[in-house]
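Asker: Chains A and B are the protein sequences, given in the same order. Counting with my numbering, you get residues 31 to 143 for the letters of the first sequence. Counting with my numbering, you get residues 139 to 250 for the letters of the second sequence. Built from N, CA and C at the ideal position, the CB exists for glycine as well. All of these numbers come straight from a predicted model, not from anything done at the bench.
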Amino acid sequence: EAGVTQFPSHSVIEKGQTVTLRCDPISGHDNLYWYRRVMGKEIKFLLHFVKESKQDESGMPNNRFLAERTGGTYSTLKVQPAELEDSGVYFCASSGGRLGTQYFGPGTRLLVL
Amino acid sequence: GEDVEQSLFPSVREGDSSVINCTYTDSSSTYLYWYKQEPGAGLQLLTYIFSNMDMKQDQRLTVLLNKKDKHLSLRIADTQTGDSAIYFCAEPNNQAGTALIFGKGTTLSVSS
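#1: For residue 112 of chain A, which beta-bridge partners are listed by DSSP?
#2: What residue range is occupied by the uninterrupted beta strand (DSSP E) comprising residue 90 of chain A?
#3: Roughly how far, in whole angstroms, is the beta-carbon of residue 243 of chain B from the beta-carbon of residue 160 of chain B, given that I think they are within contact range, below 8 angstroms?
#4: Quick check: what's the CA-CA separation for residue 139 of chain B versus residue 154 of chain B?
#5: Is the Cβ of residue 104 of chain A closer than 9 angstroms to any Cβ of chain B?
#6: Let me know the beta strand (DSSP E) ranges lying completely inside the segment 180–242 of chain B, each 3 residues or longer, listed in chain order.
#7: Residues bridged to residue 140 of chain A by DSSP?
#8: To the nearest angstrom, report how far apart residue 88 of chain A and residue 198 of chain B are at their CA atoms.
#9: Are any of the Cβ atoms in chain A nearer than 9 angstroms to that of residue 169 of chain B?
#10: Taking one C-beta from the segment 199–212 of chain B and one from the segment 51–71 of chain A each time, how about it: are there three or more such pairs within less than 8 angstroms?
#11: Whose C-beta lies closer than 7 angstroms to the C-beta of residue 218 of chain B among residues of the same chain, with five residues either side of it excluded?
#12: Under the three-state reduction of DSSP, which class applies to residue 100 of chain A: helix, strand or coil?
#13: Quick one, which of A:63, A:83, A:95 has its alpha-carbon nearest residue 46 of chain A's?
#14: Does the beta-carbon of residue 177 of chain B have 16 or more other beta-carbons within 10 angstroms, so that it is buried, or is it exposed?
#15: In this structure, how does DSSP classify residue 139 of chain B when only helix, strand and coil are distinguished?
#16: Counting only C-beta atoms, is residue 158 of chain B closer than 9 angstroms to chain A at any point?
#17: Residues of chain A with CB closer than 8 angstroms to the CB of residue 241 of chain B, please, in chain order.
#18: Would you kindly work out how many angstroms separate the C-alpha atoms of residue 157 of chain B and residue 63 of chain A, rounded to a whole number?
#19: Have a look at residue 115 of chain A and residue 78 of chain A and give me their C-alpha separation to the nearest angstrom.
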């Protein structure tokens, strides 16, 4: 069974540009989460989808971040415009039930110059 | 708000035992997790423990849970160089949804 996959693995962009990260959850998992770890800090929750609906987006830092999960399968996280402080590793996770164990993808390493 | 704290850890020699400690704040957490992040890799679920357990053993891994003190520890027996990684403990954010709250991570360096 394929695990959670994320694309791209790395992205280097300039401040002010737009970047879109993609996450493909484990097949059949209704719950999809986005987290990020900025340099030297904790892994922080961003938002949670149940199927295509945003269940909890309390961790989204500001309106430069937009997450979608059309059709309830893969999800995208767009940062527009990117700022220097957005640099970090963005993780996606999925789980099969509300209290199910979350399985993480390899992360996307974003560097904003 | 919740805060998960983790101990710092010095380097250990191959074959020694390693212990990583974690203090969590929400006593209502049903599960507590340990994740491992190897260099350049993603987060790998290492093990988890139900809150009604005091101890869980899984091969070289032993998880101890002290609910009274809200203390969680991970013991790795016969530590190998492949165990070098960052270890994160995590608990569910029981106040809001099912998001995980992570500790800052403990870097384990194993020397041969």
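Answerer: On the basis of the data shown:
#1: DSSP lists no partner for residue 112 of chain A.
#2: It is not in any beta strand (DSSP E) - residue 90 of chain A carries neither H nor E in the DSSP assignment.
#3: Residue 243 of chain B to residue 160 of chain B, Cβ: 10 angstroms. No contact.
#4: Here residue 139 of chain B scores only 42 on pLDDT, less than 50, and its place in the model should not be relied on; the value that follows carries that caveat. Rounded to whole angstroms, residue 139 of chain B to residue 154 of chain B spans 36 angstroms at the Cα level.
#5: No, no contact with chain B.
#6: 181–188, 193–196, 199–204, 209–214, 223–230, 238–240
#7: A:41, A:118
#8: 38 angstroms
#9: Taking CB atoms only, residue 169 of chain B has a neighbour in chain A less than 9 angstroms away.
#10: no
#11: 152, 248
#12: helix
#13: A:95
#14: exposed
#15: Any answer about residue 139 of chain B is weak, because its pLDDT of 42 lies below 50 and its placement is not dependable; what the coordinates show is given next. Residue 139 of chain B falls in the coil class under three-state DSSP.
#16: Cβ-Cβ to chain A under 9 angstroms: no for residue 158 of chain B.
#17: 72
#18: 29 angstroms
#19: Here the alpha carbon of residue 115 of chain A sits roughly 22 angstroms from the alpha carbon of residue 78 of chain A.
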